[in-house]
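For the sequence shown, full-length UniProt numbering begins at 1 and goes up steadily by one. Single-structure report; data block below.
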Amino acid sequence: MNKKVKMLINVLPVFLVPLILERQKFKKHPDVQKTVATSKTVAKQTGRAATQVKTSVANHSQQLKSRIKAKKVRHDYKKAVKQAEAEQRAMHPDNVHARGNELAKQNSKNVKKLDKKLQKAIDKRHKAEEKAQAHRQKVMKKEMARMQKHAKQVGFVPSTIDPDVEAHGEKLAKQNKKGINKMDKKLQKAIAKRHKIEDKMREKRQKVMKKQLHALKKQEATKTPKDTTQSKHDTQRIKTLSDRHDTKDTTYRNDQIHNESPDL
(Lines of atoms letter the chains of each structure in order from A and count residues from 1; the text may use other names and numbers.)
(Lines give C-alpha, C1' and ligand atoms only; values in the text may rest on other atoms or scores of the structure.)
Protein backbone atom coordinates (compact mmCIF):
# COMPACT_ATOMS: atom_id res chain seq x y z
CA MET A 1 0.00 0.00 0.00
CA ASN A 2 2.80 2.43 0.91
CA LYS A 3 4.57 1.57 -2.31
CA LYS A 4 1.52 2.46 -4.31
CA VAL A 5 1.12 5.77 -2.53
CA LYS A 6 4.77 6.62 -3.06
CA MET A 7 4.47 5.68 -6.69
CA LEU A 8 1.44 7.93 -7.14
CA ILE A 9 3.16 10.82 -5.42
CA ASN A 10 6.14 10.44 -7.72
CA VAL A 11 4.20 9.83 -10.93
CA LEU A 12 1.28 12.32 -10.65
CA PRO A 13 3.38 15.48 -10.80
CA VAL A 14 4.82 14.26 -14.05
CA PHE A 15 1.30 14.41 -15.59
CA LEU A 16 -0.31 17.23 -13.61
CA VAL A 17 2.38 19.89 -13.86
CA PRO A 18 2.36 20.05 -17.68
CA LEU A 19 -1.44 20.19 -17.69
CA ILE A 20 -1.52 23.07 -15.21
CA LEU A 21 1.08 24.97 -17.18
CA GLU A 22 -0.81 24.43 -20.42
CA ARG A 23 -3.99 25.65 -18.79
CA GLN A 24 -2.34 28.82 -17.57
CA LYS A 25 -0.91 29.43 -21.03
CA PHE A 26 -4.37 28.83 -22.53
CA LYS A 27 -5.95 31.37 -20.17
CA LYS A 28 -3.33 33.97 -20.97
CA HIS A 29 -3.92 33.57 -24.69
CA PRO A 30 -5.44 36.81 -26.20
CA ASP A 31 -8.21 35.02 -28.10
CA VAL A 32 -9.31 33.19 -24.97
CA GLN A 33 -9.32 36.41 -22.96
CA LYS A 34 -11.38 38.13 -25.67
CA THR A 35 -13.87 35.24 -25.69
CA VAL A 36 -14.18 35.32 -21.89
CA ALA A 37 -14.67 39.10 -21.90
CA THR A 38 -17.25 38.83 -24.68
CA SER A 39 -19.17 36.12 -22.82
CA LYS A 40 -19.19 38.24 -19.63
CA THR A 41 -20.44 41.25 -21.60
CA VAL A 42 -23.13 39.15 -23.27
CA ALA A 43 -24.21 37.76 -19.90
CA LYS A 44 -24.46 41.27 -18.41
CA GLN A 45 -26.40 42.57 -21.41
CA THR A 46 -28.71 39.55 -21.30
CA GLY A 47 -29.42 40.18 -17.62
CA ARG A 48 -30.13 43.85 -18.29
CA ALA A 49 -32.43 42.98 -21.20
CA ALA A 50 -34.30 40.42 -19.09
CA THR A 51 -34.74 42.99 -16.32
CA GLN A 52 -35.98 45.59 -18.80
CA VAL A 53 -38.41 43.11 -20.38
CA LYS A 54 -39.71 42.09 -16.97
CA THR A 55 -40.18 45.72 -15.94
CA SER A 56 -41.90 46.65 -19.21
CA VAL A 57 -44.22 43.63 -18.96
CA ALA A 58 -45.12 44.52 -15.37
CA ASN A 59 -45.78 48.14 -16.32
CA HIS A 60 -47.85 47.12 -19.33
CA SER A 61 -49.93 44.67 -17.29
CA GLN A 62 -50.52 47.35 -14.65
CA GLN A 63 -51.63 49.82 -17.32
CA LEU A 64 -53.89 47.18 -18.86
CA LYS A 65 -55.47 46.43 -15.47
CA SER A 66 -56.10 50.09 -14.79
CA ARG A 67 -57.56 50.54 -18.29
CA ILE A 68 -59.91 47.57 -17.84
CA LYS A 69 -61.03 48.88 -14.44
CA ALA A 70 -61.69 52.30 -15.94
CA LYS A 71 -63.72 50.74 -18.77
CA LYS A 72 -65.74 48.69 -16.29
CA VAL A 73 -66.45 51.76 -14.16
CA ARG A 74 -67.48 53.70 -17.27
CA HIS A 75 -69.73 50.85 -18.43
CA ASP A 76 -71.42 50.58 -15.01
CA TYR A 77 -71.94 54.34 -14.94
CA LYS A 78 -73.52 54.36 -18.41
CA LYS A 79 -75.74 51.42 -17.45
CA ALA A 80 -76.92 53.20 -14.29
CA VAL A 81 -77.59 56.37 -16.27
CA LYS A 82 -79.62 54.42 -18.85
CA GLN A 83 -81.67 52.77 -16.11
CA ALA A 84 -82.34 56.12 -14.45
CA GLU A 85 -83.41 57.62 -17.80
CA ALA A 86 -85.67 54.64 -18.50
CA GLU A 87 -87.30 55.03 -15.07
CA GLN A 88 -87.82 58.74 -15.67
CA ARG A 89 -89.36 58.04 -19.08
CA ALA A 90 -91.60 55.40 -17.53
CA MET A 91 -92.79 57.86 -14.87
CA HIS A 92 -93.67 60.48 -17.47
CA PRO A 93 -97.44 61.14 -17.50
CA ASP A 94 -97.86 60.23 -21.18
CA ASN A 95 -95.98 56.97 -20.79
CA VAL A 96 -97.86 56.14 -17.58
CA HIS A 97 -101.16 56.74 -19.36
CA ALA A 98 -100.09 54.59 -22.33
CA ARG A 99 -98.91 51.81 -20.03
CA GLY A 100 -102.20 52.02 -18.13
CA ASN A 101 -104.11 51.62 -21.39
CA GLU A 102 -101.99 48.62 -22.33
CA LEU A 103 -102.60 47.03 -18.93
CA ALA A 104 -106.32 47.74 -19.23
CA LYS A 105 -106.41 46.06 -22.66
CA GLN A 106 -104.44 43.09 -21.38
CA ASN A 107 -106.70 42.75 -18.34
CA SER A 108 -109.80 42.97 -20.51
CA LYS A 109 -108.38 40.19 -22.69
CA ASN A 110 -107.73 38.07 -19.61
CA VAL A 111 -111.26 38.73 -18.34
CA LYS A 112 -112.69 37.69 -21.72
CA LYS A 113 -110.62 34.52 -21.66
CA LEU A 114 -111.84 33.69 -18.16
CA ASP A 115 -115.41 34.42 -19.22
CA LYS A 116 -115.04 32.08 -22.19
CA LYS A 117 -113.61 29.36 -19.95
CA LEU A 118 -116.49 29.79 -17.50
CA GLN A 119 -119.03 29.66 -20.33
CA LYS A 120 -117.38 26.52 -21.71
CA ALA A 121 -117.51 24.90 -18.26
CA ILE A 122 -121.22 25.77 -17.92
CA ASP A 123 -121.98 24.41 -21.41
CA LYS A 124 -120.01 21.27 -20.64
CA ARG A 125 -121.94 20.78 -17.40
CA HIS A 126 -125.27 21.27 -19.22
CA LYS A 127 -124.26 18.74 -21.88
CA ALA A 128 -123.27 16.24 -19.18
CA GLU A 129 -126.62 16.71 -17.44
CA GLU A 130 -128.54 16.26 -20.70
CA LYS A 131 -126.48 13.20 -21.55
CA ALA A 132 -127.12 11.67 -18.13
CA GLN A 133 -130.86 12.35 -18.44
CA ALA A 134 -130.96 10.78 -21.91
CA HIS A 135 -129.07 7.76 -20.59
CA ARG A 136 -131.55 7.36 -17.71
CA GLN A 137 -134.50 7.54 -20.10
CA LYS A 138 -132.87 5.00 -22.39
CA VAL A 139 -132.26 2.62 -19.49
CA MET A 140 -135.86 3.02 -18.32
CA LYS A 141 -137.15 2.24 -21.82
CA LYS A 142 -134.99 -0.88 -21.99
CA GLU A 143 -136.25 -2.01 -18.60
CA MET A 144 -139.86 -1.48 -19.65
CA ALA A 145 -139.30 -3.41 -22.88
CA ARG A 146 -137.60 -6.23 -20.97
CA MET A 147 -140.44 -6.40 -18.45
CA GLN A 148 -143.05 -6.50 -21.22
CA LYS A 149 -141.15 -9.25 -23.03
CA HIS A 150 -140.85 -11.27 -19.83
CA ALA A 151 -144.56 -10.82 -19.16
CA LYS A 152 -145.39 -12.20 -22.62
CA GLN A 153 -143.05 -15.17 -22.10
CA VAL A 154 -144.63 -16.18 -18.79
CA GLY A 155 -148.11 -15.75 -20.23
CA PHE A 156 -149.06 -12.68 -18.29
CA VAL A 157 -152.33 -11.24 -19.57
CA PRO A 158 -153.31 -7.68 -18.56
CA SER A 159 -156.97 -8.67 -18.11
CA THR A 160 -156.04 -11.26 -15.48
CA ILE A 161 -154.18 -8.80 -13.23
CA ASP A 162 -154.70 -9.39 -9.56
CA PRO A 163 -156.35 -6.36 -7.92
CA ASP A 164 -153.81 -6.42 -5.09
CA VAL A 165 -150.93 -6.48 -7.57
CA GLU A 166 -152.51 -3.65 -9.57
CA ALA A 167 -153.01 -1.57 -6.43
CA HIS A 168 -149.44 -2.23 -5.36
CA GLY A 169 -148.20 -1.21 -8.81
CA GLU A 170 -150.18 2.01 -8.73
CA LYS A 171 -148.82 2.73 -5.26
CA LEU A 172 -145.24 2.18 -6.46
CA ALA A 173 -145.89 4.40 -9.49
CA LYS A 174 -147.18 7.19 -7.24
CA GLN A 175 -144.17 6.84 -4.93
CA ASN A 176 -141.78 6.94 -7.86
CA LYS A 177 -143.57 9.96 -9.26
CA LYS A 178 -143.31 11.73 -5.90
CA GLY A 179 -139.61 10.89 -5.66
CA ILE A 180 -139.01 12.20 -9.16
CA ASN A 181 -140.93 15.39 -8.38
CA LYS A 182 -138.89 15.90 -5.18
CA MET A 183 -135.61 15.42 -6.99
CA ASP A 184 -136.78 17.77 -9.75
CA LYS A 185 -137.67 20.41 -7.15
CA LYS A 186 -134.26 20.02 -5.49
CA LEU A 187 -132.55 20.42 -8.84
CA GLN A 188 -134.61 23.51 -9.69
CA LYS A 189 -133.83 25.00 -6.26
CA ALA A 190 -130.11 24.36 -6.73
CA ILE A 191 -130.20 25.97 -10.19
CA ALA A 192 -132.17 28.96 -8.87
CA LYS A 193 -129.76 29.30 -5.94
CA ARG A 194 -126.80 29.25 -8.30
CA HIS A 195 -128.42 31.86 -10.53
CA LYS A 196 -129.10 34.09 -7.52
CA ILE A 197 -125.47 33.86 -6.41
CA GLU A 198 -124.27 34.69 -9.92
CA ASP A 199 -126.65 37.67 -10.09
CA LYS A 200 -125.47 38.90 -6.68
CA MET A 201 -121.82 38.65 -7.71
CA ARG A 202 -122.59 40.49 -10.96
CA GLU A 203 -124.42 43.26 -9.10
CA LYS A 204 -121.59 43.50 -6.58
CA ARG A 205 -119.05 43.89 -9.39
CA GLN A 206 -121.15 46.55 -11.05
CA LYS A 207 -121.47 48.49 -7.77
CA VAL A 208 -117.70 48.34 -7.23
CA MET A 209 -117.08 49.54 -10.79
CA LYS A 210 -119.56 52.41 -10.34
CA LYS A 211 -117.88 53.47 -7.08
CA GLN A 212 -114.46 53.36 -8.73
CA LEU A 213 -115.66 55.43 -11.68
CA HIS A 214 -117.30 57.95 -9.34
CA ALA A 215 -114.09 58.24 -7.27
CA LEU A 216 -112.05 58.58 -10.46
CA LYS A 217 -114.25 61.43 -11.70
CA LYS A 218 -113.85 63.21 -8.35
CA GLN A 219 -110.07 62.84 -8.47
CA GLU A 220 -109.96 64.10 -12.05
CA ALA A 221 -111.97 67.16 -11.04
CA THR A 222 -109.78 68.03 -8.01
CA LYS A 223 -106.20 67.00 -8.93
CA THR A 224 -103.58 68.28 -11.38
CA PRO A 225 -103.08 66.57 -14.74
CA LYS A 226 -100.03 64.66 -13.45
CA ASP A 227 -101.85 63.41 -10.36
CA THR A 228 -104.88 62.59 -12.49
CA THR A 229 -102.82 60.37 -14.78
CA GLN A 230 -101.25 58.56 -11.82
CA SER A 231 -104.64 58.07 -10.12
CA LYS A 232 -106.05 56.63 -13.37
CA HIS A 233 -103.25 54.11 -13.47
CA ASP A 234 -103.80 53.14 -9.81
CA THR A 235 -107.58 52.93 -10.23
CA GLN A 236 -107.25 50.74 -13.32
CA ARG A 237 -104.86 48.49 -11.45
CA ILE A 238 -107.24 48.20 -8.43
CA LYS A 239 -110.14 47.61 -10.77
CA THR A 240 -108.41 44.80 -12.67
CA LEU A 241 -107.33 43.14 -9.42
CA SER A 242 -110.88 43.30 -8.03
CA ASP A 243 -112.26 41.87 -11.29
CA ARG A 244 -109.81 39.00 -11.14
CA HIS A 245 -110.75 38.28 -7.54
CA ASP A 246 -114.48 38.41 -8.31
CA THR A 247 -114.05 36.17 -11.35
CA LYS A 248 -112.10 33.59 -9.37
CA ASP A 249 -114.65 33.76 -6.54
CA THR A 250 -117.56 33.31 -8.97
CA THR A 251 -115.86 30.31 -10.63
CA TYR A 252 -115.17 28.73 -7.26
CA ARG A 253 -118.78 29.29 -6.08
CA ASN A 254 -120.21 27.89 -9.34
CA ASP A 255 -118.05 24.77 -9.05
CA GLN A 256 -119.05 24.40 -5.39
CA ILE A 257 -122.76 24.71 -6.22
CA HIS A 258 -122.38 22.23 -9.06
CA ASN A 259 -120.74 19.73 -6.71
CA GLU A 260 -123.52 20.20 -4.14
CA SER A 261 -126.37 19.83 -6.68
CA PRO A 262 -128.16 16.43 -6.45
CA ASP A 263 -127.79 13.89 -9.25
CA LEU A 264 -130.95 12.50 -10.76
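Where a beta carbon is used, it is the ideal one built from N, C-alpha and C, also for glycine.
Where does residue i fall in DSSP's three states?
| i | result |
| --- | --- |
| V139 | helix |
| H92 | coil |
| H29 | coil |
| residue 296 | An answer regarding residue 296 cannot be provided, because it is not within the stretch 1 to 264 covered by the chain. |
| V42 | helix |
| V17 | helix |
| V154 | coil |
Please report whether the beta-carbon of residue i lies at a distance below 8 Å from any beta-carbon of chain C.
| i | result |
| --- | --- |
| A145 | Absence of chain C from the displayed structure is noted, only one protein chain being present. |
Go through its chain and collect everything with a Cβ distance to residue i's Cβ below 6 Å, but skip five positions before and after it.
| i | result |
| --- | --- |
| A98 | none |
| K109 | none |
My assumption, with CB atoms under 8 Å, is that residue i sits in contact with residue j. Please give the rounded CB distance.
| i | j | result |
| --- | --- | --- |
| V32 | F26 | 6 Å |
Can you check which of these residues, the options, is closest to residue i by C-alpha distance?
| i | options | result |
| --- | --- | --- |
| Q119 | V14, E198, E220, T35 | E198 |
| R202 | V11, R89, H126, D115 | D115 |
| I191 | H126, K204, R205 | H126 |
Can you determine whether any heavy atom of the ligand NAD sits closer than 7 Å to the C-beta of residue i, and answer yes or no?
| i | result |
| --- | --- |
| L213 | With respect to the ligand NAD, the structure shown offers nothing to examine, as it has no ligands at all. |
Leaving aside the five residues before and after residue i along the sequence, list all residues of the same chain whose C-beta is less than 8 Å from its C-beta, in chain order.
| i | result |
| --- | --- |
| M91 | none |
Practice task
At 4 residues or longer, and completely inside the segment 158-204: list those alpha helix (DSSP H) runs for me, N to C.
Solution key: none
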